[in-house]
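S.K.: Quick one: this structure, given as structure tokens, is what I'll be asking you about.
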Amino acid sequence: MLSKGEIRMDIINTFINVILIGCIYYFRNYLKKKGENIATKEDIHEITDKIESVKQTYAKKNRVRLA
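Under the numbering used here, the first residue of the sequence shown carries the number 3, and numbering increases by one thereafter.
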């Protein structure tokens, strides 16, 4: 038979485990989403650079045509 102190420690340990598991789950999801956001930001930057390059190319062709 468990004493009151042992039962109390079991409850405290269970509570701590639940809190830790919740924190791990939260931070795992947080870091996953953060990584997705960073990857998206990098993709947008790359696409923007390509668009600007094409705009500059057409602007140069247009200037030559007008000259």
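We treat Cβ as the ideally placed atom computed from N, Cα and C, and that holds for glycine.
Computed from a prediction, not measured in an experiment: that's the story for all the values here.
1) Hey, quick one: how far does the alpha helix (DSSP H) through S55 stretch, first residue to last?
2) In whole angstroms, give me the CA-to-CA distance for F17 and K52.
3) How long is the line joining the alpha carbons of V20 and I9, rounded to whole angstroms?
M.R.: Reading from the atomic positions:
1) Locating residue 55 in the sequence shown gives position 53, counting from the first residue. Counting along the chain, the alpha helix (DSSP H) containing S55 begins and ends at 6-68.
2) Indexing the sequence shown from 1 puts residue 17 at position 15. Indexing the sequence shown from 1 puts residue 52 at position 50. Inter-residue distance for F17 and K52 is about 53 Å (C-alpha atoms, whole angstroms).
3) Position 18 of the sequence shown holds residue 20. Position 7 of the sequence shown holds residue 9. Cα to Cα, the separation comes out at about 17 Å.
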